[in-house]
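Chemist: Next up is a structure, given as structure tokens.
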Amino acid sequence: MKSFDYIRPASIAEAIAAAAEPGTAYLAAGTNLLDLMKGGASRPDRLVDITRLPGLDGVDRLDDGAMRIGTMVRNADLAHDPAFARAYPVVAEALLSGASAQLRNAATVGGNLMQKTRCSYFADPAAACNRRSPGAGCDARQGENRSHAILGWSENCIATHPSDFCVPLAALGAVVEIAGPAGSREVALEDFHLLPDETPERETALERGELVTAIRLPPDAAGFAAHSRYMKLRERTSFAFALVSAAAFLKVEDGIITEARLALGGVAARPWRSKVAEELLKGAALERRTFAEAATAALAEARPSGDNAVKIELARRISIRALLLAAAGTPSRLPALPGSPLSSQYGDLANA
Amino acid sequence: MSVTVSTTVNGDSVDFVCAPDETLLDALRGRLGLTGAKEGCGTGDCGACSVTLNGRLVCSCLVLAVEAEGQEIATVEGMAAGETLHPLQRAFIDHAALQCGICTPGILVAAKALLEKTPDPSDEEVRYWLAGNLCRCTGYDKIVRAVQAAAAEMRRA
């Protein structure tokens, strides 16, 4: 690891002031940042440790019914908060389908949003990567790219955002609260991660020195608690990033879908919400045929970025499976240990 | 830049001096001579460096040593009470749940953290909660059996 200065500010204002200098990175759990620093893909001159800042670790129901989650809330704590898991079971399920106990105990809400792509060429300083070094080229285009993007990619970058957590957040219309040198502002989670286009090095909507302070789930987000699931396909049944994943949410009255949400993970540089699919599902019956049409619509614009055409079909099928599971109902055990699409059972603990 | 860190390790107050780029694992092994936690991958994948930080199971290879300031750390060295092994340690011996032993300290610490929260886990839960600890020798069946045997003994105690 390149040497760096370490700063432990006492307030958010102090942290933001310290981070205004170029070459500075915020340090939360560090489960992704320290890993990249060890490998040389990230080389900050100073780290501003935000882990001890006051007021960033609350999980609070606001007066209007929205749920506010502080940026320093650890993934494990959020997934195991009983009231939270009851209201947003898919968020808990997505959190528990990511990483390992050790990493979930450390990793934070804000850090999850800020995590970098797992593209191996991004992580390897010897490889060409436009995201890491603008203009350097992209070794992934001609390299091992079977897990890369199928939606929203550009000639400059075909990386995906690896988060599980962000997939249901995007579907639920979460809002990211940001503090920075110019004051506070908010960005919809759906717009927080930028698609690569011509500037893949710009990964998020954050400006220099800005800090994610919380995310907020809108008041209506808890209305899907009875019929929602997160389904993740990966190359082993635990502790691996998604090849593709889907978060499906239904509101059902008398067997008819009154509202639906669907978002995909592992397919693009951002969690991919499909409003086209949601519109198709609205007013439809709980039928596999409808789910298949919605899934096909969600992937209509997908195209392979390399040796990964299979991901389009996998994403379509995982969407259908997530919708079928959502229709069957949220598991009784909360938080559910993540189910596996390779399981023949739909049980709470099948292939955990 | 060097930093003085005051922390608690296995109940003992400890001070050490380190550079900001040292990990907690570096400090435990190099500064404090506690070599139970191992560096397997150094990237948070294998769990051989597992310790608890204020009671939370973490990978010490992804924690900076300076972050230990004022915190309580527990390592495998603190599991036995003097000469008396922890039930998990005994069960790992009795069930031959190790071969080369590199992963064992991390698995013991992780299993202890698991049983503190879930004293009567299913086999599936043991496998799920220990997924962050890789063993390249034994396969995992003996480890699961050892954890279950220790859990049963601890429930009786």
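Taken in sequence, the protein lines are chains S and G. Take 0 as the starting number for the first sequence in numbering that gives the first Met the number 0 and just add one per residue. Take 0 as the starting number for the second sequence in numbering that gives the first Met the number 0 and just add one per residue. Backbone N, C-alpha and C define an ideal beta-carbon position, used for all residues, glycine too.
1) According to DSSP, simplified to helix, strand and coil, what is T50/S?
2) Chain G beta carbons: is any one of them nearer than 8 Å to that of K37/S?
3) Tell me the residue span of the beta strand (DSSP E) that contains C165/S.
4) Check the DSSP bridge columns for R73/S and list the partner residues they point to.
5) For S59/G, name the three-state secondary structure that DSSP assigns.
6) Across which residues does DSSP place T7/G in a beta bridge pair?
7) How big is the Cα-Cα spacing for R320/S and V89/S?
8) What residue from D20/G, L24/G, T42/G, E38/G has the CA that sits closest to S99/S's CA?
9) Is Y139/G close to chain S, meaning its C-beta is less than 8 Å from at least one C-beta of that chain?
10) Once the 5 residues before and after R144/G are set aside, which same chain residues still bring their CB inside 6 Å of it?
11) Near N31/S, what residues of its chain come up, given a Cβ to Cβ distance below 7 Å and the 5 sequence neighbours on each side ignored?
12) Would you please verify whether the beta carbon of D25/G is less than 8 Å from any beta carbon of chain S?
13) What does A130/G touch in chain S if you count any residue whose Cβ is under 7 Å from its own?
14) Helix, strand or coil: how does DSSP classify N350/S here?
15) If you measure from the beta carbon of Y5/S to each beta carbon in chain G, is any gap under 8 Å?
16) Could you compute how far the alpha carbon of A130/G sits from the alpha carbon of N9/G?
17) Spell out whether any CB of chain S is found under 8 Å from the CB atom of T117/G.
18) Could you tell me the distance, in whole angstroms, from the CA atom of A351/S to the CA atom of E13/S?
19) Check this for me: beta carbons of L188/S and A213/S, under 8 Å apart or not?
20) Could you check if T6/G is buried or exposed, using at least 16 other CB atoms within 10 Å of its CB as the buried criterion?
21) Against chain S, does C17/G count as a neighbour if the rule is that its beta carbon must be under 8 Å from one of theirs?
22) What does D59/S pair with, by DSSP beta-bridge criteria?
23) Answer with buried or exposed for T34/G, where buried requires no fewer than 16 other C-beta atoms within 10 angstroms of its C-beta.
Modeler: In terms of the structure at hand:
1) By one-based count along the first sequence, residue 50/S stands at place 51. Coil at T50/S, not helix or strand.
2) Taking the first sequence and counting its residues from 1, one reaches residue 37/S at position 38. It does; some Cβ of chain G falls within 8 Å.
3) Start at 1 with the first residue of the first sequence, and residue 165/S comes out as number 166. No beta strand (DSSP E) holds C165/S; the alpha helix (DSSP H) holding it covers 165 to 170.
4) Residue mapping note: residue 73/S aligns to position 74 of the first sequence, counting from 1. Paired residues: T107/S.
5) Along the second sequence, one-based indexing puts residue 59/G at 60. Note: S59/G maps to helix in three-state DSSP.
6) Counting from one through the second sequence, the residue named residue 7/G turns up at place 8. Looking at the DSSP assignment, T7/G forms a beta bridge with S12/G, E71/G.
7) The count along the first sequence starts at 1 and reaches residue 320/S at position 321. The count along the first sequence starts at 1 and reaches residue 89/S at position 90. If I take the Cα positions, the gap works out to 14 Å.
8) As a working note, residue 99/S is residue 100 in the first sequence. Of the candidates D20/G, L24/G, T42/G, E38/G, the one whose C-alpha sits nearest the C-alpha of S99/S is T42/G.
9) Start at 1 with the first residue of the second sequence, and residue 139/G comes out as number 140. It does not: the Cβ of Y139/G has no partner Cβ on chain S nearer than 8 Å.
10) Here residue 144/G refers to the residue found at position 145 of the second sequence. Closer than 6 Å at Cβ, skipping near neighbours: H94.
11) Counting from one through the first sequence, the residue named residue 31/S turns up at place 32. Same-chain partners within the cutoff: G110, Q114, K115.
12) Locating residue 25/G in the second sequence gives position 26, where the first residue counts as 1. Not an interface residue.
13) Translated into positions along the second sequence, residue 130/G becomes position 131. Result: S99, S237, F238.
14) One-based indexing of the first sequence puts residue 350/S at position 351. Low per-residue confidence applies at N350/S: pLDDT is 38, beneath 50, and the placement is therefore not dependable, though the value from the model is reported in the following sentence. Coil at N350/S, not helix or strand.
15) For the purposes of this step, residue 5/S is identified with residue 6 of the first sequence, where counting begins at 1. Yes, contact with chain G.
16) The sequence position of residue 130/G within the second sequence is 131, counting from 1. The sequence position of residue 9/G within the second sequence is 10, counting from 1. Distance between the alpha carbons of A130/G and N9/G is about 25 Å.
17) Position 118 of the second sequence, counted from the first residue, corresponds to residue 117/G. Not closer than 8 Å to any Cβ of chain S, the Cβ of T117/G fails to qualify, so no.
18) The residue labelled residue 351/S in the question sits at position 352 within the first sequence. The residue labelled residue 13/S in the question sits at position 14 within the first sequence. For A351/S, the pLDDT reaches just 36, beneath the cut-off of 50, and the residue's location in the model is therefore unreliable, although a value from the coordinates is still provided. Whole-angstrom Cα-Cα distance: 43 Å.
19) For this step, residue 188/S is matched to residue 189 along the first sequence. For this step, residue 213/S is matched to residue 214 along the first sequence. Contact: no.
20) For the purposes of this step, residue 6/G is identified with residue 7 of the second sequence, where counting begins at 1. Label assigned to T6/G: buried.
21) The count along the second sequence starts at 1 and reaches residue 17/G at position 18. Closer than 8 Å: no.
22) The sequence position of residue 59/S within the first sequence is 60, counting from 1. Answer is R67/S.
23) Walking along the second sequence from the start, residue 34/G turns up at place 35. When all chains shown are included, T34/G counts as exposed.
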